[in-house]
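Residue numbers (this note's numbering): 415 to 1006. Okay, structure first, notes after.
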Amino acid sequence: MSSRASRDVLGRGLRVLGHAIRTEPRLFTVGTIGSSLFGLLIIANSYVVGWVIGDIVVPAFAAHRVSTGELGLVAAAFLGISALRVASIFGRRLGAGYMQFRLQARYRSAVTRRYLSLPPAWHQRHATGTLLSNANSDVEAAWGPIAPLPFAVGTVVMLIGALISLFATDWVLALVGATLFPALFGLNLVYSRRMSPRQIRVQQNRAKVSAVAHESFDGALVVKTMGREADESRRFGVFVDELRDSLISVGRLRGLFDPLMDSLPSLGTLAVLLLGAWRLETGAIGVTELVSVSFLFTVLAFPVRAIGWVVAELPRSVAGWDRVQAVLGAEGDLAYGQGALTGSGPAELRFEQVDFRYGDGPQVLHEVSFTVPAGKTVALVGATGSGKSTIASLAVRLVDPESGSVALDGVKLPDLALPALAGTTALVPQIPFVFDDTARGNIALDRPGVDDAAIREAVALAQADRFVANLPDGLDTAVGERGTSLSGGQRQRLTLARALAGKPRLLVLDDATSAVDPRVEAAILGALRGGDAGASILVVAYRRATIALADEVVYLERGRVVATGTHAELMTFHRGYQDLVTAYEKAEQPHE
C-alpha cells in the first residue's frame, strides 16, 4: 500500500473515531477522564517512588533507623494512589466498554433495519453470508478501536504531562523524553501503514469465509445427496487457508512491533540512568529526581501501547465501516405514498400495460394487462420463465414495473402507504419459510388482531387443522429451524394459514400448494374460492384441477398475455394452452 493510501486510511480512520465520539460524547468523556487520571497517576506514582527512595529509604539506611510516622506516610501515599488508580481504571473501562457495545448495538440494528427495508431484488444481488458478515463482523471491526481509544487519549495526556514534569526536573533528562516520545509515535505510524493492507485483507477474507460457509450449510442436502462433501470441504478450505494466512501475516507484524515498543522505553531508561549518574555526580539532580525519572520510563511501555492498538485497528475499522456504509447507503428503496384503501371485502387487482426487467437484464414482461375482479379467482398459467412469479411479486409490490401500473381498487400501489398495502395483500411463495418457533407463533407473527379464533379459522381454511392436531403439543409445538420437523406440504399449509390469518383482501399464491397432495390442494382452493377467505385470489397454477377452479385463466408466453378466458374456453380454442396443460397433467400422473 502506498504512503498516500496509508495516510488516507489513517485520516479516514480518525474520521470514523470522530463520528463515534460525536455519537457517544458522554461515554467517551467518562472513559477519557478515567484514562487521563490513570496516566497522571502514573507520573505521580513515579515521583512518589522517587521521594520514598531519595528522602526516606536512603536516609534510613544512612541513619540505620526509620520512624513509624514515615512508614505510615509512605503506606498512605501508595494506598491513596492505588485507590485512585482503581477508580480511574473502572471509569476508563466502563466508558470505553459501554461506548463500544452501544455503537455496535446501534449499527447492528441499523444494518438489520436497512436489510428489511431494501427490496428482494437488492438481496438477490448479495450473498447471504456476506450480509451476515456486514451485520456482525464488519460492525464489530468498525468499532474495534473504541475499546482502547480513551486509553490512547489518556496516554497522550500522560506523555504531555511527563514531558512537562521532565523539563521541570532536569532539562538534560527531558531531552531523552523529547527524543523517545516522537520515536514512539513514529513507530506507531509505521506500524499502521504496514498493518493497513493486512487488516483490510483479513476483513475481506472473513466475508468470503462467511459467504461460502452459509452457502454450504444451506446446500447441505444437495452436497450430501450428490456425494460432494470432500469437494465442498476443499472449496471451503481454500478460503479458510486464505483467512489463516492473512491472520498469520497480521500476527507476524504484531510480533515484530510489540518487542520494539517494549525496547524503546527500556533504551530510554538506560539513557536516563547513564545521563542521570553524570548529572548526579555534578550535583545537578539528587537521588529523588533520578529515581523518579528512571521509574517513569520503566512504566511507559504499557500505556503507550494503547496508541499502537488504536492505530493498528484503524485499517480494519475503515474496512468494516466502508462495508457497513455500503449497506446503509444502498439504493433501491421503494417509495411509499400516504394513500389508504377505504373499502372492505375482496379487492380488485388491475395490471395495465406493465413492462418489467431485472436490473439491466432482458425484458421479462411486455405490456401485461389483466384484471382480478373483486372476489374472483384468476389463475396465471405459462411455461417456466414466462413471468408468472414476477407478476406475483408485482401484485404485492415486492418490485415496481418499469412502465405501466399495478392498482388495487383503482389506487396505484406506489400511492399506498406501507401499512395499507401490507394489510390488504398477502403473498404465499412456492418455497415456504418457517421460523424457528411454534406453529402458533409462525401463524400469528405477533400481529395485532390475530387471536386464537383467527388462527384456528386460518388453519381450517388451509386444510392444516388435521396435521396440527396430530402434533405433540398442537399449535404450541415447536417446528424447528425452517420447519425441519414438518413435511414440505405441511410447511406450505402453515405459511398459507399465516397469510389467511391476516384477513387479506387480495391473496397471491405463487404455486403455493405444489408440495400438497392434489386432493388436499383441491380442498384448499375450493374453500378459498368459495368465499370463506373474503379475498380475491391470484394463483400461479400448474395442475389441471387447480386451474379448472379459477373463474378466469390468464395464459402467458414469454412475458406476454396471449390469451384470457375460462379453462374450458382456452382448452377449446388455444392450442398452446392445451398442449401446456396436457403436458403438466401427464407429468403429474406418476406422482398421483
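All C-beta atoms in this analysis are idealised placements derived from N, C-alpha and C, irrespective of residue type, glycine included.
Under the three-state reduction of DSSP, which class applies to residue i: helix, strand or coil?
{"i": "residue 727", "result": "helix"}
{"i": "residue 826", "result": "strand"}
{"i": "residue 750", "result": "coil"}
{"i": "residue 428", "result": "helix"}
{"i": "residue 921", "result": "strand"}
{"i": "residue 941", "result": "helix"}
{"i": "residue 782", "result": "strand"}
{"i": "residue 502", "result": "helix"}
{"i": "residue 967", "result": "strand"}
{"i": "residue 415", "result": "Because the pLDDT of residue 415 is 45, which lies under 50, any placement of that residue in the model is unreliable, and the question is left without a value."}
{"i": "residue 744", "result": "coil"}
{"i": "residue 592", "result": "helix"}
{"i": "residue 796", "result": "strand"}
{"i": "residue 936", "result": "helix"}
{"i": "residue 852", "result": "strand"}
{"i": "residue 564", "result": "helix"}
{"i": "residue 668", "result": "helix"}
{"i": "residue 1005", "result": "Residue placement at residue 1005 is flagged as unreliable, the pLDDT there being 49, under the threshold of 50; the coordinate-derived value follows with that caveat. In the structure shown, residue 1005 sits in coil (DSSP, three-state: anything other than H, G, I, E or B)."}
{"i": "residue 557", "result": "coil"}
{"i": "residue 433", "result": "helix"}
Which same chain residues end up closer than 8 Å to residue i when comparing Cβ atoms and leaving out the 5 residues on each side of it in sequence?
{"i": "residue 851", "result": "892, 893"}
{"i": "residue 667", "result": "605, 608, 609, 612"}
{"i": "residue 503", "result": "448, 452"}
{"i": "residue 674", "result": "601"}
{"i": "residue 935", "result": "927, 957, 959, 960"}
{"i": "residue 895", "result": "850"}
{"i": "residue 879", "result": "870, 873"}
Given a threshold of 16 other Cβ atoms within 10 Å of its Cβ, counted over all protein chains shown, does residue i qualify as buried or as exposed?
{"i": "residue 438", "result": "buried"}
{"i": "residue 856", "result": "buried"}
{"i": "residue 1005", "result": "A caution first: residue 1005 carries a pLDDT of 49, below 50, which makes its placement in the model unreliable, though a value can still be read off. Exposed, because fewer than 16 other Cβ atoms sit within 10 Å of the Cβ of residue 1005."}
{"i": "residue 538", "result": "exposed"}
{"i": "residue 859", "result": "exposed"}
{"i": "residue 802", "result": "buried"}
{"i": "residue 845", "result": "exposed"}
{"i": "residue 994", "result": "buried"}
{"i": "residue 430", "result": "buried"}
{"i": "residue 816", "result": "exposed"}
{"i": "residue 527", "result": "exposed"}
{"i": "residue 670", "result": "exposed"}
{"i": "residue 478", "result": "exposed"}
{"i": "residue 800", "result": "buried"}
{"i": "residue 560", "result": "buried"}
When you compare each of the options to residue i by their alpha carbons, which one comes out closest?
{"i": "residue 1025", "options": "746, 646, 853", "result": "Lying outside 415 to 1006, the shown extent of the chain, residue 1025 is not represented and no answer is given."}
{"i": "residue 812", "options": "567, 531, 825, 669", "result": "531"}
{"i": "residue 786", "options": "879, 702, 454, 919", "result": "919"}
{"i": "residue 774", "options": "713, 888, 535, 512", "result": "535"}
{"i": "residue 683", "options": "910, 705, 660, 696", "result": "705"}
{"i": "residue 1007", "options": "970, 496, 623, 758", "result": "An answer regarding residue 1007 cannot be provided, because it is not within the stretch 415 to 1006 covered by the chain."}
{"i": "residue 973", "options": "876, 921, 886, 784", "result": "784"}
{"i": "residue 976", "options": "991, 900, 523, 940", "result": "991"}
{"i": "residue 508", "options": "717, 446, 790, 648", "result": "446"}
{"i": "residue 676", "options": "764, 817, 631, 594", "result": "594"}
{"i": "residue 491", "options": "463, 565, 938, 572", "result": "463"}
{"i": "residue 828", "options": "678, 747, 693", "result": "747"}
Strictly by DSSP, which residues pair up with residue i?
{"i": "residue 914", "result": "BP columns for residue 914 are empty, so no partner."}
{"i": "residue 951", "result": "791, 921"}
{"i": "residue 817", "result": "769"}
{"i": "residue 841", "result": "922"}
{"i": "residue 978", "result": "968"}
{"i": "residue 764", "result": "785, 821"}
{"i": "residue 538", "result": "Looking at the DSSP assignment, residue 538 forms no beta bridge with any residue, so it has no partner."}
{"i": "residue 777", "result": "771"}
{"i": "residue 892", "result": "852"}
Ordered along the chain, which non-local residues of its own chain (more than five positions away) have a Cβ less than 6 Å from that of residue i?
{"i": "residue 723", "result": "562"}
{"i": "residue 556", "result": "731, 734, 735, 738"}
{"i": "residue 796", "result": "802, 970"}
{"i": "residue 1031", "result": "For residue 1031 there is no data in the structure shown, the boundaries of the chain being 415 and 1006."}
{"i": "residue 909", "result": "842, 846"}
{"i": "residue 897", "result": "848, 905"}
Output needed for residue i: all residues of its chain with C-beta closer than 7 Å, excluding positions within five of it in sequence on either side, in chain order.
{"i": "residue 831", "result": "750, 751, 752, 753, 754"}
{"i": "residue 518", "result": "553, 554, 557"}
{"i": "residue 468", "result": "700, 701, 702, 705"}
{"i": "residue 710", "result": "457, 460, 576"}
{"i": "residue 542", "result": "628"}
{"i": "residue 524", "result": "742"}
Any beta-carbon of chain D closer than 8 Å to the one on residue i?
{"i": "residue 847", "result": "In summary, chain D is missing from the structure at hand, where a single protein chain is found."}
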